[in-house]
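To start, the structure itself, in structure tokens.
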Amino acid sequence: MDPLLKELRRNRVLWLLALVPVALVAAKLIPAAHTVLFVLSVLAIVPLAALLSHATESVAEKTGDAVGGLLNATLGNLTELIIAAAALRAGEYALVKGSIAGAIVTNTLFMLGASFLLGGLKHHVQDYNRATARLHAGLLLLATIALVSPSAIAKADLVPGAALTQKLSVALAILLIVGYGLGLLFSLKTHREFFVGAEHAADGELVWPIRLALVTLAVVTVLVALVSEIFVESVQKAAETFGLSELFIGFIVVALVGGAAEMAVAFSAARKNRLDLSVGIALGSASQIALFVSPVLVLLSYVIGPKPMDLQFWQGAVVMIFLATLVAAFITSGGRSAWFVGVLLLLIYSVFAFTLYLWPPPVQ
Amino acid sequence: MDPLLKELRRNRVLWLLALVPVALVAAKLIPAAHTVLFVLSVLAIVPLAALLSHATESVAEKTGDAVGGLLNATLGNLTELIIAAAALRAGEYALVKGSIAGAIVTNTLFMLGASFLLGGLKHHVQDYNRATARLHAGLLLLATIALVSPSAIAKADLVPGAALTQKLSVALAILLIVGYGLGLLFSLKTHREFFVGAEHAADGELVWPIRLALVTLAVVTVLVALVSEIFVESVQKAAETFGLSELFIGFIVVALVGGAAEMAVAFSAARKNRLDLSVGIALGSASQIALFVSPVLVLLSYVIGPKPMDLQFWQGAVVMIFLATLVAAFITSGGRSAWFVGVLLLLIYSVFAFTLYLWPPPVQ
Amino acid sequence: MDPLLKELRRNRVLWLLALVPVALVAAKLIPAAHTVLFVLSVLAIVPLAALLSHATESVAEKTGDAVGGLLNATLGNLTELIIAAAALRAGEYALVKGSIAGAIVTNTLFMLGASFLLGGLKHHVQDYNRATARLHAGLLLLATIALVSPSAIAKADLVPGAALTQKLSVALAILLIVGYGLGLLFSLKTHREFFVGAEHAADGELVWPIRLALVTLAVVTVLVALVSEIFVESVQKAAETFGLSELFIGFIVVALVGGAAEMAVAFSAARKNRLDLSVGIALGSASQIALFVSPVLVLLSYVIGPKPMDLQFWQGAVVMIFLATLVAAFITSGGRSAWFVGVLLLLIYSVFAFTLYLWPPPVQ
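Protein chains in written order, with our numbering: chain A, 1 to 364; chain B, 365 to 728; chain C, 729 to 1092.
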């Protein structure tokens, strides 16, 4: 347990772990205090996500490069997956879709933009591996197009029967997972030399012993699942209290909370002039959500959801995902950054956030 | 006739030529057997397209660079043009538009993607002339925008009278042909040095004597026209039998059949590590369809069609053309390829194909 | 006054200044002759815009680099701003929005395209600073996305109350102005070394003494305001006479007239093989309209308009702005040009112009 204690001392965010039991107890004692439960669960997820991320990396470190890369790639967005699965079980499909779209947009605009800004405030100009960024952006661009095309093609012409939409969604989900698997084969095996320099582990982080890491992984996964349920149960009422739409919560809040741990790593790497790592985390995480998490959720909905979930997003989300991906691809194709590039990405994120905040689209 | 026999021995696809008379006779004897006629005509077009392509190149070879380039550029998509003209005469405008849109999407995603994949399975990383690819992609991007803009601008605001749509379509058709002509002047005359390395002729192919080439060109054109008519007459009923929409047939089947000959050349070049040629054929063919074939069909519709055809596509086609062009421009701007790039292009093609298959849009 | 006379002798366009008093007098004597007044006011604005531009540059030259750059950047599109303000006061919001969208599209397609074409007719291939162009195009891409997103996101899902639209427009206007201010800080102060070579002053132009420049600036601003009022009053009736929609006038005519002075500089620079300057003027002007002029007009509408103006454009304009920006970003990312690149940009501009001409969207 010693490394865990060291980590607790090193990383102040983990002190929020104290809120995990508070949230669990509060959910039993005051189940009607939705706003309190919402805030507690949001704050409790942040340190759990950090632990989950650290444990995953430690396991990955021990199991060798290929398996480790696979683990990192698959469990990297475990927090988002667990939260979305909890929402899925509760039938909150607007929240699930909002958090998928939000995670893609938040990673490509906010995480990338804040990395560029924080790095740029310390370094005049920052160069990063253009080839790596291109490949990442290409993956993301293609993943996103695969994700948004059905909505874009379908919305245009007719409202088909739900059965057809569902059939198409399953077919596309399988296609995306195949693409994801081949992408892993490409980046971890046949062409891994192009992806060096974008490993996940931050300097100075301790690698835990494998047993501690595995136990942490198991225990924290359960805890995230429990807290996520509180979150999902309280979010609707809390959203009403704050005057926010459920979609805004999914799009902005869940995405920021679920990605908090990865953001910390990306921002710190940017300040250390290791933008390769920041760009890799931001775009890699976004493409993982698009290519892996979202199809898994579609397939999961058949098992744990009250009814199957499809892949059709509301059109505003399609526009935002598409624009965010386009901007990320354009911006990163130069391989060079300065503070204003970050400002512009954050500005676009603000445009989206403002629009969503003031203009809540109908819950689907 | 000796070179023709040699070609027959070299190229097994040409054995399918035996099906040409079978198809023609069957159309007389069993005019009601739509499914049989459909399959026969599709199979008969493939070898004819290959002959047409070879004859065109042989003529081009003999007539010197500038005229030859012009011939190659103008007759390169003769098969698609003849099939579409047959559909035009029959008033099957959904099929015509479907095959135009399908040819652009199939060339930029399927032909390019399969070239990258086949080349990538043999070579670890393949580089190609970035400048050439950029120019080609630029031409294509601009051609596509010219093609989709009217639909995109128009759909948004009002359904105008058919007269206005028609007037606009003719104006744009003329504009596109002017652009195409100036593009030939640019690539064959004033700036031809940028386009070297992307010549059409494959290694090891025999150049026919000019007389044989001209006769073949004339005879095969007539045969393609005859078989195309059988194809167009049978397609609707056959589509119903297979449970496919006419648009799916136009989009996927016609595009694959019409481009089969060029695909063979592009794929073989990719395996020989001559990706310049593959990229040139795929993107060049797509931009030729957009800039030359489609406006010619609009103008032809005044002469041979039951009523004039306009340039407005259904919105799903606009989205697919636009996304395909965007992806091709992004992917080729790097000038470097590996197998997974091909996989991703094919994946996007599959997304479109699945969507069209499961989700037939209304016939326009 | 000597430099002013020299300028009059050097620059023949200024002879049109004689039409300024003619227009002002005609507006009093024959207020009902709308077509005459329209033509007179259009012709009178051209030389005034040239004087305004020259005076701004002379002041900028004298006040040192940072302040001068700021002045140039802020007053560079003063003509467009004054015309739009006159339209705003008259409540002609369709004209205002049309001229904003038109200025962005005209600068990125027509000014850039004609520069490439004119330069390319004289020089075989022209290279320009890719880094500068990238930064400019990036600014423009992001500005445009910020501008079009609300329309794109909003149109999709519901027609919200006017109050919400208005609130969002003000929030976004402030966001855009913040972005514009930070952009100036970036390009004039912290990273100015990336923007050298794109200064506004053309060779051989005389720099005026500061006093003359300031007086000219003040007097001409008033004159442009007066003539703009005649223009705005006559445009609607004149449009009817010519059979044009008000939007076409705003989109094409106002944009060409308002940008005439800058175009003269950009074209002459292109012929002198100084494409850096041409690209900088064209894209810089477009991004200034998007990031500065349009939000200022939204805020101004609260002070001088009959009712507040929002930032929502009709969807056709959104599509055109988006495509124009995308094309400009793609084309300039190569840093190399030839005549055909210009032809293609002009072709796309013609597509838009034709579509607008034949297909007038409903006045909003």
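Glycine residues also receive a C-beta, built at the ideal position from the N, C-alpha and C atoms.
Between A/Lys28, A/Tyr128, A/Lys62, which lies nearest to A/Ile230 when the distance is taken from Cα to Cα? A/Lys28
Give a yes or no on whether the minimum CB-CB distance between A/Ala331 and chain C is below 8 Å. Looking at the sequence itself, residue 331 of chain A is Ile, so the reference to Ala does not match. Taking Cβ atoms only, chain C reaches closer than 8 Å to A/Ile331, which makes this a yes.
Please tell me whether B/Leu722 has its Cβ less than 8 Å away from any Cβ of chain A. yes
How long is the line joining the alpha carbons of C/Ile811 and B/Val469, rounded to whole angstroms? 44 Å
Which residues does DSSP pair with B/Asp307 in a beta bridge? This structure cannot settle anything about residue 307 of chain B, because the visible part of chain B is limited to 365 through 728.
For C/His928, name the three-state secondary structure that DSSP assigns. Here C/His928 scores only 48 on pLDDT, less than 50, and its place in the model should not be relied on; the value that follows carries that caveat. Looking at C/His928 - three-state DSSP - the assignment turns out to be coil, as it is neither helix nor strand.
Evaluate the contact criterion for the segment 1047–1063 of chain C versus the segment 528–537 of chain B: three or more CB pairs, one atom per stretch, below 8 Å. no
Taking 8 Å as the CB-CB cut-off, is A/Gly91 touching chain B? no
Assuming the contact rule is C-beta atoms closer than 8 Å, B/Leu710 and B/Gly477 should be a hit. Round their C-beta distance to whole Å, please. 4 Å
Please determine, among B/Ala408, B/Leu590, B/His488, B/Gly440, the residue with the shortest C-alpha to C-alpha distance to B/Ser422. B/Gly440
I need the straight-line Cα distance from A/Gly98 to C/Ser1006, nearest angstrom please. 43 Å
Positions along the segment 900–929 of chain C whose CB lies within less than 9 Å of some CB in chain A: Leu900, Leu903, Leu904, Val906, Gly907, Leu910, Gly911, Leu913, Phe914, Ser915, Thr918, His919, Phe922
Indicate the three-state DSSP secondary structure (helix, strand or coil) for C/Gly986 in the structure shown. helix
Compute the beta-carbon to beta-carbon distance between C/Phe1068 and B/Phe615, rounded to the nearest angstrom, for a pair I have assumed lies under 8 Å. 30 Å between Cβ atoms; not a contact.
Check whether the Cβ atoms of C/Leu799 and C/Thr807 lie closer than 8 Å to each other. no
Taking Cβ to Cβ, would you say B/Ala451 is nearer than 8 Å to B/Val596? yes
Determine the contact status of C/Leu984 and C/Ala822, defining contact as a CB-CB distance below 8 Å. no
How about B/Ala413 and B/Ala624: do their beta carbons lie closer than 8 Å? yes
Could you work out which residues of chain B lie near A/Ala146, taking near to mean beta carbons separated by less than 8 Å? Leu711, Ile712, Val715
Tell me whether the beta-carbon of C/Ser877 lies closer than 8 Å to the beta-carbon of A/Val351. yes
Contact set between B/Leu687 and chain A, taken where Cβ atoms lie within less than 7 Å: Ile145, Ser149
Taking Cβ to Cβ, would you say C/Leu863 is nearer than 8 Å to C/Phe995? no
Contact check, B/Gly502 vs B/Leu655, beta carbons under 8 Å: no
Tell me which residues share the same chain as A/Ser115 and place their Cβ nearer than 8 Å to its Cβ, disregarding the 5 neighbours each side in the sequence. Ala266, Phe267, Ala269, Ala270, Leu275, Ser278, Val279, Ala282, Gly342
Check C/Met1037 in the structure and name its three-state DSSP category. coil
Whose C-alpha, out of C/Ser1022, C/Thr893, C/Asp855, C/Thr872, is nearest the C-alpha of C/Gln1061? Residue 1061 of chain C is actually Ser in this sequence, not Gln. When only C-alpha atoms are compared, the closest one is C/Asp855.
Assigned secondary structure, C/Ala884 (DSSP; H/G/I helix, E/B strand, else coil): Because C/Ala884 sits at a pLDDT of 45, beneath the cut-off of 50, its placement in the model cannot be relied upon, and the point is left open.
Anything in chain B within Cβ reach of A/Arg336, meaning under 9 Å, just list it in chain order. In chain order: nothing, as chain B lies at least about 16 Å away.
Taking the C-alpha atoms as reference points, what is the distance between C/His851 and A/Met263? 49 Å
So, does the CB of A/Val343 fall closer than 8 Å to a CB anywhere in chain C? yes
Given B/Val591, which residues of its chain have a CB within under 8 Å of its CB, disregarding the five upstream and five downstream residues? Val384, Ala387, Leu388, Ser405, Ala408, Ile409, Leu412
Which residues in chain B sit within 9 Å of C/Thr834, going by Cβ to Cβ distance? Going along chain B, no residue has its Cβ under 9 Å from C/Thr834, so there is no contact; the nearest lies around 16 Å.
For B/Lys357, report the span of its alpha helix (DSSP H) as first-last. The structure shown does not extend to residue 357 of chain B, since chain B is modelled only from 365 to 728, so the question has no answer here.
For B/Thr729, go through chain A and note every residue whose CB falls closer than 7 Å to its CB, in chain order. The requested residue 729 of chain B is not part of the displayed model; chain B covers only 365 to 728.
Tell me the rounded alpha-carbon separation between B/Pro395 and B/Lys601. 12 Å
Would the beta-carbon of C/Phe1058 fall within 8 Å of that of B/Ala693? yes
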